[in-house]
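Peer 1: Protein chains in written order, with numbering that gives the first Met the number 0: chain A, 0 to 546; chain B, 0 to 280; chain C, 0 to 311.
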Amino acid sequence: MTEEKNQPLLDVRELTVAFGHLAVVKGISFAVQPGEIIGIVGESGSGKSITCRALMGLLPGTANASGSVKLNGRQLLGLDEASWRSIRAPEMAMIFQNPASHLDPLKRIGQQIAEPMIRHQGIGRSEGQDRAVRLLEAVGIRDPELRARSYPHEFSGGMKQRAMIAAAIGCGPKLLIADEPTTALDVTVQARILTLLTKLNRERGLAIVLISHDLGVVADVCSRVVVMRHGEIVEQGKTDQIVNKPQHPYTKLLIDSQPGRRPAGAGSAGSAPARSPLLTIENLSVSFPGKRDLASGLRLKSAREFLALDGVNMQIAEGETVGIVGESGSGKSTLARAIIRQNGASGGAIRFDGQNVQALRGETLTRFCRSIQMVFQNPYDSLNPRMTVSEAIAEPIWRHGLADRRTAQRQADELLELVELPGILRDRKPRQLSGGQCQRVGLARALALKPQVLIADEITSALDVTTQAQILDLLTRLQRERALTLLYISHDLRVVSSFCQRVYVFKAGRIVESGPARQVLTKPRDPYTQELVESIGSLVPSPTLAL
Amino acid sequence: MRHVKILFETLRSVRLTGPMLAAAAILGGWFLVALTANFIAPHDPDAIDIVHMLGAPSAEHWFGTDQVGRDVFSRVLHASRVDLLLCVVGVLPPLLIGTTLGLLSGYFGGVVDVIFMRIYDLTAAFPFFVLVLAIVGVLGPGLSNFIIALALVGWVTYARLVRAEVLVVKESEYIQAAQCLGFSQPAILLHHVLPNVMGSIIAYGVSDAVLVMLAGASFGFIGMGAQPPLAEWGVMIADGQSFVLQAWWICFFPGLAAISLGLGFAFLGDGLGQLQRAQAS
Amino acid sequence: MTLLPLISRRLLQLPGVLAGICVVTFMLLHLAPGDPARLLAGDRASAETIAAIRHQNGLDQPLWQQFITYVANLLAGDIGQSLRFQRPVSALIHQFMWPTLFLTGYVVLLAVPPTIMLAIASARRPGGVADQIIRVLGIAGLTIPVFWLAIMMSRFFGAGLGWFPVSGYGQGFFGHLHHLFLPALSTSIWLVPVLTQSLRAALIEKTTADFVTTARAQGAGEGEIFWRTILPNAVLPTLNLLGVMVAFLIGGTIIVETVYAVPGLGALMIGSLLGRDYYVVQGLTLTFALATVIITLVVDLLTAFIDPRVRL
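1) In three-state DSSP terms, what is B/E170?
2) Name the chain C residues whose beta carbon is nearer than 8 Å to that of A/S256?
3) Out of curiosity, what's the CA-to-CA distance linking A/E35 and A/T238?
4) Report all residues from its chain with a CB closer than 7 Å to the CB of C/E223; omit the five preceding and five following residues, and keep chain order.
5) Tell me whether B/M52 sits in a helix, a strand or coil according to DSSP, three-state version.
6) Suppose you measure from the CA of A/L175 to the CA of B/Q184; what does that come to, to the nearest Å?
7) Are any of the Cβ atoms in chain C nearer than 8 Å to that of B/C86?
8) Taking C-beta to C-beta, are A/E136 and A/P143 nearer than 8 Å?
9) The beta strand (DSSP E) spanning A/A206 covers which residue range?
10) Which same chain residues end up closer than 6 Å to C/E256 when comparing Cβ atoms and leaving out the 5 residues on each side of it in sequence?
11) With DSSP run on the structure shown, which of helix, strand or coil describes A/V186?
12) Taking only the alpha-carbon atoms, compute the straight-line gap between A/S497 and A/P258 and give it to the nearest angstrom.
13) With 16 other CB atoms within 10 Å as the buried threshold, where does C/H93 fall?
14) Beta-carbon within less than 6 Å of A/A271's beta-carbon, same chain only, minus the 5 sequence neighbours each way: which residues are those?
15) Please state the DSSP three-state secondary structure of A/L174.
16) Sort B/V165, B/D45, B/A150 by Cα distance to B/V67 and report the nearest one.
17) From the DSSP output, in three-state form, read off A/Y487 for me.
18) Under 8 Å: do the stretch 156-176 of chain C and the stretch 226-237 of chain C share three or more Cβ pairs, one atom per stretch?
19) According to a CB-to-CB cut-off of less than 7 Å, which residues of the stretch 158-185 of chain B neighbour chain A?
20) Is there a Cβ from chain C that is less than 8 Å from the Cβ of B/L240?
21) Per DSSP, which residues does A/A62 bridge with? Please list them.
22) Figure out for me which residue from C/G220, C/W63, C/L141, C/N56 has the closest Cα to the Cα of C/G79.
23) Give the single residue among A/L471, A/S155, A/V495, A/E394 whose Cα lies nearest to the Cα of A/A183.
24) Does the beta carbon of C/P113 come closer than 8 Å to any beta carbon on chain A?
25) Should C/T302 be labelled buried (16 or more other beta-carbon atoms within 10 Å of its own) or exposed?
26) Using a Cβ-Cβ distance under 8 Å, would A/M373 count as near chain B?
27) What does a CB cutoff of less than 7 Å around A/L382 pick up in its chain, not counting 5 residues either side in sequence?
28) Assuming B/L271 and B/I201 make a contact with CB atoms under 8 Å, what is their CB distance in whole Å?
29) In this structure, how does DSSP classify B/T99 when only helix, strand and coil are distinguished?
30) So, does the stretch 258-278 of chain B touch the stretch 100-107 of chain B, judging by three or more C-beta pairs under 8 Å?
31) Does the beta carbon of B/D65 come closer than 8 Å to any beta carbon on chain C?
32) Are A/I254 and A/P248 close, meaning C-beta to C-beta below 8 Å?
33) When burial is assigned at 16 or more other CB atoms within 10 Å of the CB, is C/M26 buried or exposed?
34) Do you know whose CA, among C/L82, C/V292, C/I293, C/T252, lies nearest C/P98's CA?
35) In three-state DSSP terms, what is A/T320?
36) Suppose contacts are defined by Cβ-Cβ distances below 8 Å. Is C/T212 in contact with A/H101 by that definition?
Structure below.
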């Protein structure tokens with residue numbers, strides 16, 4: 000064995016995973032060196048998650064894996080369950096996309112971290128508990144002793160993922176497989192988790208396979224990247240090489256679809272000329288009743304109210320594209336719902352064309368409804384599952400008495416064309432469509448009433464990057480052709496700043512910063528915006544920008 | 000009209016699995032029997048024949064005869080009318096009342112919802128059977144009073160089921176979209192909320208028919224439901240109980256009939272429920 | 000420990016429900032169509048008898064006053080007088096209560112072990128042969144009229160084979176066990192399918208849960224995963240159902256008690272209904288409701304004990 004020195008930690012050769020006759024992973028080969036972080040990038044359906052399940056021997060019984068997977072020279076495929084069990088945790092460990100559902104809700108965090116160690120290292124309960132506390136500390140959880148006694152539901156999303164990491168590294172594995180570990184988390188939390196992973200990599204020599212749909216995340220953290228599509232590896236190599244000199248057209252498409260990389264659309268149209276504002280938000284506050292608590296009810300105190308929006312001021316001119324950025328709970332969706340009158344305001348006012356929106360009644364209210372429309376986040380949830388595409392698009396037209404039913408159907412066909420959907424989809428139900436197609440239907444439905452203002456609430460966050468790029472292109476075109484005023488809401492500063500002229504940054508119900516998109520992105524003044532900008536993965540792996 | 004179309008589409012999309020086919024055959028069969036009982040029953044169900052009382056099953060009397068010589072087979076066939084009707088009349092009123100109130104209380108919330116939830120809490124505090132029994136006891140024994148008591152108590156379950164489903168559907172983005180598009184509240188309720196909760200109500204209603212039939216037979220059995228000499232399976236079993244040592248067939252066959260009709264509804268409800276879950280995921 | 004807030008919250012909800020129960024049981028007799036005095040006296044009673052009964056029971060007072068009297072009596076532990084037995088209803092209930100409680104406990108004991116075994120056998124391979132059979136048998140079990148099954152079993156196992164007594168309650172603990180075996184068995188045959196379906200569905204759902212994958216990825220064996228992760232999570236919904244069912248059972252034993260002539264609350268209820276002894280019916284309804292409330296409370300506390308999420 001002359002190669003022993005260079006022997007890779009993990010060596011995957013011609014791995015194929017098939018469900019019956021359907022191969023979802025088709026003969027892929029790659030290797031992981033000790034202490035290396037390697038990224039696997041791909042969109043949904045690329046087979047990246049199935050690949051990492053295959054590496055851990057966690058495929059469902061109906062799947063059939065062939066080829067070769069060697070860990071430290073030991074063939075893993077075909078091992079019996081007992082041998083697998085002795086490898087999982089001590090040799091290689093895994094963390095998952097959704098930490099909330101991957102922790103047992105009935106067990107304390109400390110116990111869940113201690114269990115693999117008790118199982119594999121034969122230590123006692125109290126020893127396990129002590130080590131769990133130290134691990135919690137190592138992954139950056141404050142008050143580890145106290146927190147070890149907490150249950151998962153008492154942890155935030157980021158803390159749960161840290162706990163998952165603590166449980167994974169407890170037995171000192173050499174390899175960590177991280178399946179979309181930051182996808183469900185807020186951007187700033189995502190950055191902190193990635194920092195933690197790189198720190199563990201550096202300090203413990205932990206090799207990591209990082210699976211992600213986000214090339215930006217992978218490019219920041221990994222030394223090498225594997226790009227997958229349709230179960231095949233289209234390209235792999237050093238991060239720098241992949242990002243700057245992509246060979247395969249798909250890799251190029253993937254990089255071009257990155258929001259920050261896209262040729263600036265509406266965003267570059269320069270600063271908006273001074274026009275009278277179409278939509279004005281004056282000192283708007285929205286509050287929700289706090290959680291009903293009997294103790295406070297007994298003390299005759301009114302339940303504490305939760306301020307979702309706290310004195311927000313905005314002005315949006317006709318034809319402008321305005322972006323709203325914020326993490327979950329920042330109040331950005333509450334604002335959208337307040338504008339379309341689904342949340343009542345507890346203070347302040349929303350004015351449309353000078354009229355107070357809250358006070359609208361009767362005919363003027365109907366007119367207002369037609370002039371402001373909204374597209375929603377979840378592709379499948381935003382369409383009534385019982386209605387066909389053309390029924391859904393035509394419904395607003397005839398319900399508003401703009402045309403009879405048959406004419407409405409014809410207009411629906413035209414709208415389908417407008418959002419670049421083939422006519423054969425008109426009689427499909429939502430669940431027969433792809434996510435991107437659903438969002439196009441949602442757009443067409445919103446445009447059916449010929450609105451002046453379109454609110455887009457996270458409409459691309461559930462979509463793949465390449466689909467997102469297409470939807471954004473479509474939105475740019477529609478905005479231009481129909482002279483729409485666009486309010487674009489997203490958690491992703493990159494998308495917003497590439498797409499919008501002006502940006503408002505929301506945090507905890509307040510606007511912390513606003514201004515032209517380019518300025519906010521390049522010269523953020525508020526500390527929170529700065530953190531947000533720093534959390535953006537750049538596609539150029541440079542140590543100054545990354546983390 | 001849309002609802003009929005949706006219902007039709009749902010029926011068309013039903014994959015005819017074994018149990019579903021069996022259910023269709025059983026229910027169709029009993030329905031035919033109930034319609035044609037007058038013609039296909041070999042004997043008059045009420046004809047008393049003391050000479051042939053407590054006769055064992057034979058070529059002449061397939062299911063034997065009872066304590067006054069009536070033909071058990073003919074009585075079982077005739078009783079299917081009562082029990083089948085019981086299933087429909089026992090299920091529909093609570094289903095309709097419950098669905099309407101559940102829709103309103105779930106969608107609009109507010110005072111109606113609070114009142115409804117209190118009523119639910121209260122009803123849940125009584126065992127279903129006891130409450131129905133007590134109400135029938137006060138109103139007086141009989142089938143119609145049983146139906147009334149069932150409606151008084153049973154709607155709450157439906158309302159709670161519908162309310163829970165509406166609360167989920169209400170949060171979905173397509174309802175928000177419909178509100179944003181300025182549709183009227185009745186339009187949203189009838190065309191967007193109702194179609195999406197209808198499936199599970201129907202599935203539950205069909206399964207509930209089994210329980211209603213069993214409850215009806217039980218009430219007949221203890222003398223609080225259908226009254227003799229009306230042929231009803233529960234009543235027939237009660238009649239035969241005293242003679243079960245000499246003539247097991249008086250009790251046995253009505254029970255078998257009840258089980259088979261129950262199986263029809265149960266398999267249908269199970270199939271519809273599975274379909275519902277398959278569509279949801 | 001941390002259960003305290005939950006207990007106090009539930010105890011605070013109790014008075015409202017109890018008040019509701021009082022109102023319903025009161026209305027049962029008073030808002031029924033017709034004259035409650037006539038109801039109590041029966042159809043053939045003379046006008047004088049009716050008047051006497053009306054006065055004797057305070058039915059000539061205004062409704063609100065009667066309600067106050069009713070509640071005051073309840074608080075003093077007096078739930079009325081049986082017309083048929085000429086004894087306080089509370090004494091009657093106390094006398095008839097034990098067979099019913101024994102029977103209910105018996106049924107639960109008979110039903111729980113097969114439920115767990117069948118559900119596990121079924122969930123081990125969803126869609127497999129065992130699962131299909133158990134599912135179909137479960138559906139079939141639900142459609143059997145309990146009273147019919149009871150009669151058939153007493154005919155074949157009791158009278159036919161002579162293994163078990165077909166009526167009564169027996170003497171002593173083992174006598175009770177022997178006498179109540181057939182009643183408990185026939186009720187269990189109805190209860191087991193309901194519980195099995197619930198537990199099976201929960202088991203299958205939890206088998207594919209994400210945290211099970213985690214446990215597997217941490218090298219846990221399948222046995223350990225099943226007993227320590229899947230089962231505790233899957234038991235919760237079934238525990239709730241069991242609570243509902245036991246409440247249901249206390250009422251449901253009515254029929255079985257009638258068939259097997261067990262001197263329990265159910266037999267008392269039917270006898271009182273047929274004998275128009277309405278104060279007993281009212282008192283029994285009240286008792287059943289109280290029992291249901293207590294069982295629900297116990298189940299909620301048990302759930303909270305297992306599941307930290309509901310302890311908030």
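Note that CB positions come from ideal geometry on N, CA and C, so glycine has one too.
Peer 2: The short version:
1) helix
2) The premise fails here: A/S256 is roughly 29 Å from chain C at the closest Cβ pair, so nothing lies under 8 Å.
3) 12 Å
4) Contacts found: none.
5) coil
6) Inter-residue distance for A/L175 and B/Q184 is about 53 Å (C-alpha atoms, whole angstroms).
7) no
8) Yes.
9) 206-211
10) G263, G265, A266.
11) helix
12) 6 Å
13) exposed
14) In this prediction, A/A271 has a pLDDT of 49, which is less than 50 and means its spatial position is unreliable; nothing more can be read from the coordinates.
15) strand
16) Out of B/V165, B/D45, B/A150, B/D45 has the C-alpha closest to the C-alpha of B/V67.
17) Strand, per DSSP.
18) no
19) Hits within the stretch, in order: S171, E172, Y173, Q175, A176, Q178, C179, L180, G181, F182.
20) In the sequence as displayed, the identity of residue 240 of chain B is Gln instead of Leu. It does; some Cβ of chain C falls within 8 Å.
21) A/F18
22) C/N56
23) A/S155
24) No, because no Cβ of chain A sits closer than 8 Å to the Cβ of C/P113.
25) A buried status is given to C/T302, since no fewer than 16 other beta-carbon atoms sit within 10 Å of its beta-carbon.
26) yes
27) A391, P429, C437, V440, G441
28) 6 Å
29) helix
30) no
31) no
32) Contact flag unset, no.
33) exposed
34) C/T252
35) strand
36) yes
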